[in-house]
Amino acid sequence: MTIRLPGVGGELRTYVPRTEPLALTAGAPITSRTVFSAAHVVADPYADTTPDSPAAVDWDATLAFRRHLWSHGLGVAEAMDTAQRGMGLDWAGAAELIRRSAAEAKAVGGRIACGVGTDQIAGGTPAEVRAAYEEQLALVEESGAQAILMASRALPAAASGPEDYLEVYGHLLRQATEPVILHWLGPMFDPALADYWGSSDLDAATDTFLEVIAAHPDKVDGIKISLLDAQREVELRRRLPQGVRCYTGDDFNYPELIAGDEKGFSHALLGIFDPLGPLAAQAVRVLDTGDVKGFRELLDPTVDLSRHLFRPPTRFYKTGVVFLAWLAGHQDHFTMVGGLQSARSLPHVAKAYELADGLGLFPKPELAEARMKTLLSLYGVDQ
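All the letters of the sequence shown, read from the start, carry residue numbers 16 to 398 under this note's numbering.
Dropping the structure here:
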């Protein structure tokens, strides 16, 4: 069987899909790294909504996908950027997602950490930003999940300089009941987060970030850094206090960062581990044995797919993630909250299909091929 896939200029190329998927099964628990997959939400395709409406979520399919990730030994990073936080999923929807996913994690014994932000407010003073964080932190802690203090869109607008970041984060860390993960999301993921930590100079911003951690090392489990700059991440993790982990959020360079070097390594909290979940888990289990070469042989070939999904504008990577979940059979439709399924072009998703199929990611290649052909037919591409 073959399939004709469109390129950027409208030309069609013939692609021969794989007939057998990569053999990926659940295995022993992961031991050498702590690995979270940031998980997407499944929209309810039958809800009568508009892009401006509150998100309508298919809760059964959304929770089923989290059970899929847990079954492979991965942790779930909930209500994060991958779940369209602030891009279709508002705070009310995120709060419900946190409650439901935390309860499901408790029921099945899965690891979960949840995003704490300030998206219930559009702006305000530093004190109002802090209060918004406090409200969300309380909900996450009440749910029994670990907290991830996400970068706030409101804080750069409210802060007059680094001292406001030190005050807000210091207050939150003092009152946190358990160690949290601090999250530095770069402006390529969200333009509203430019100049975070009080400076456009990344070296100065890094110093402020480290100052926050140094003042409360007992309250910081780790940091997630998503700047798509491998060297900066390596330099930062070498400056962390003893016992504070670095969770890579670099969807361009994750194999080398997780593998590490003679001075250390990164754990992982990645959106690309949503579509790569089973393969990523298998690769890390190989790394658990000390086989770095085998780990890289499994994970390095996935980087082309990740770089494609996360190409600028990077914030629209969620479209490719949900598209691949549909092709893989984790949901019955290619619909997203906020109508974000329209955020990437037909040639873009066609290339994503080709790259994912080439890796053997689809449990049923024939289903992925049939669904890809259905989508192509809607765009007038005859087979």
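All residues carry an ideal CB built from backbone N, CA and C; glycine is no exception.
Just so it is clear, the structure is predicted and the values come from calculations on it, not from any experiment.
Assignment of beta-bridge partners to residue 161 by DSSP yields 128. In the three-state reduction of the DSSP assignment, residue 50 falls in the strand class, which pools E and B.
Apart from sequence neighbours up to five positions away, the residues of its chain that approach residue 43 with a beta-carbon distance below 7 Å are 300, ordered along the chain. Between residue 313 and residue 297, the gap from beta carbon to beta carbon is short of 8 Å. Ranked by how close their Cα comes to the Cα of residue 198, the residues 25, 94, 37, 45 have 94 in first place. Residue pairing by DSSP puts residue 195 in a beta bridge opposite 235.
Residue pairing by DSSP puts residue 283 in a beta bridge opposite 50, 263. DSSP, reduced to helix, strand and coil, places residue 223 within a helical segment of the structure shown.
Excluding its 5 nearest sequence neighbours in each direction, residue 137 has C-beta neighbours in its own chain below 8 Å: 169, listed in chain order. Contact check between the stretch 173 to 184 and the stretch 144 to 158: three or more CB pairs, one atom from each, fall below 8 Å, which counts as touching. For the pair residue 244 and residue 213, the CB atoms are not nearer than the 8 Å cut-off.
A residue is called buried when at least 16 other Cβ atoms come within 10 angstroms of its Cβ; residue 333 meets this threshold and is buried. For residue 93, the enclosing beta strand (DSSP E) covers residues 90 to 93. Considering only 232, 125, 111, 165, the residue with the shortest C-alpha distance to residue 193 is 232. Around the C-beta of residue 90, 16 or more other C-beta atoms lie within 10 Å, and the residue is accordingly described as buried.
Rounded to whole angstroms, residue 284 and residue 50 show a C-alpha spacing of 6 Å. Assignment of residue 317 by DSSP, reduced to helix, strand and coil, places it in the helix class. Put simply, of 66, 158, 139, 211 the residue whose alpha carbon is nearest the alpha carbon of residue 120 is 158.
DSSP, read as helix, strand or coil, puts residue 168 in coil. By the CB criterion at 8 Å, residue 171 and residue 208 fall inside the cutoff. Pairwise C-beta distances place the stretch 251 to 263 in contact with the stretch 275 to 290, as three or more of them are shorter than 8 Å. The closest CA to that of residue 241, considering only 286, 235, 32, is found on 286. Here residue 107 is exposed: its Cβ has fewer than 16 other Cβ atoms, across all protein chains shown, within 10 Å. Judged by DSSP in its simplified three-state form, residue 240 adopts strand.
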